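Protein chains in written order, with the working numbering: chain A, 1 to 257; chain B, 1001 to 1014. Just so it is clear, CB atoms sit at the ideal spot from N, CA and C, and this is done for glycine as well. The structure presented is a predicted model; accordingly, all values stated were derived computationally and were not measured. Worksheet: one structure, shown below.
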Amino acid sequence: MLELRLVQGSLLKKVLEAIKDLVNDANFDCSATGFSLQAMDSSHVALVALLLRNEGFEHYRCDRNISMGMNLGNMNKMLKCAGNDDIITLKADDGSDTVTFMFESPNQDKIADFEMKLMDIDSEHLGIPEAEYHAIVRMPSAEFARICKDLSSIGDTVVISVTKEGVKFSTKGDIGTANIVCRQNTTVDKPEEATVIEMKEPVSLTFALRYMNSFAKATPLSHTVTISLSSELPVVVEYKIEDMGYVRFYLAPKIEE
Amino acid sequence: AENQKSLTAYFDWY
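Below is the structure:
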């Protein structure tokens, strides 16, 4: 028996909006500690890892570990039918091949349930070791989204370079080049508006902007984004979900030409 | 693209 009641149902709606274009089908893994997902895009270049911890749910019952295969496009269709203020409850019986999404309006005057068929998906996970990163940049998520969008009108790839001067996002294309430098800035009114750069050593890596723009669809989940870079590792672009967990995107770099 | 690395070059399946 599985029953997860999320008062802030809009969170789940935002999670689906963030990941549905990157991954078509995925297993949601449910255990006593939380609701999670790990899935790669079809070309094995990018990976999304989601964690929603049990304590973030108003009611969390998961009697045994289960893995529920879902088509994210179909799941998104169902979640779009929930209002932004609705409470969302996920329910599944042991051995069932369906999951039920229940939507309750805040004043309880409308209750809807949508039952979705589950699917069998080969469960393949990647082991992601804990790593030390050369540089970690924390910045406003809207700023990062803006930069990726702006650069993608000029070029297809972004070079992200961290030096003691700041973090530089560069691209080049047929019409020209663009460089955007963000310096550390902690003298802001609100902590979420700060740009904080922790650098152990300079690092410069090239990534496909198409994926970065896809990751930026998670912007509504968090005011800030954390970008962790190391020359030997895929970049990690993390959106923390307040009091609950995170959505992390991993992206393999392009090889410098 | 040929110069795009795969995640599986960095992480192992389990």
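Looking only at A:Thr-100, A:Lys-200, A:Gly-127, A:Ile-87, the smallest Cα-Cα distance to A:Gln-108 is reached by A:Ile-87.
Per the DSSP secondary-structure output, A:Pro-140 pairs in a beta bridge with A:Thr-224.
At a cut-off of 8 Å between beta carbons, A:Val-159 makes no contact with chain B. The DSSP assignment places complete beta strand (DSSP E) segments of no fewer than 3 residues inside the stretch 128-178 of chain A at 135-140, 157-163, 166-173, in order along the chain.
Bounds of the beta strand (DSSP E) holding A:Ala-92 are 87-92. Within the DSSP bridge table, the entry for A:Ser-36 names A:Asp-29, A:Leu-51 as partners.
Annotation: A:Tyr-211 is outside any beta strand (DSSP E); the continuous alpha helix (DSSP H) that includes it extends over 209-215. Rounded to the nearest whole angstrom, the CA to CA distance from A:Leu-90 to A:Glu-55 is 15 Å.
By the 16-neighbour rule on beta-carbons within 10 angstroms, A:Arg-138 is buried. Shown here, A:Glu-193 sits in a helix according to DSSP, grouped into three states. In this structure, A:Leu-2 lies near A:Ile-66, with their beta-carbon atoms less than 8 Å apart. Taking the Cα of A:Glu-242 as reference, the smallest distance to any Cα among A:Ser-222, A:Ile-136, A:Asn-84, A:His-125 is reached at A:Ser-222. Cβ-Cβ distances below 7 Å link A:Arg-5 to Phe-57, Glu-58, His-59, Ile-87, Thr-89 in the same chain, with the five nearest sequence neighbours on each side left out; the list follows chain order.
Here B:Asn-1003 is exposed. Its C-beta has fewer than 16 other C-beta atoms within 10 Å. For A:Thr-186 against A:Ala-194, the beta-carbon gap comes to about 5 Å, under 8 Å, which counts as contact.
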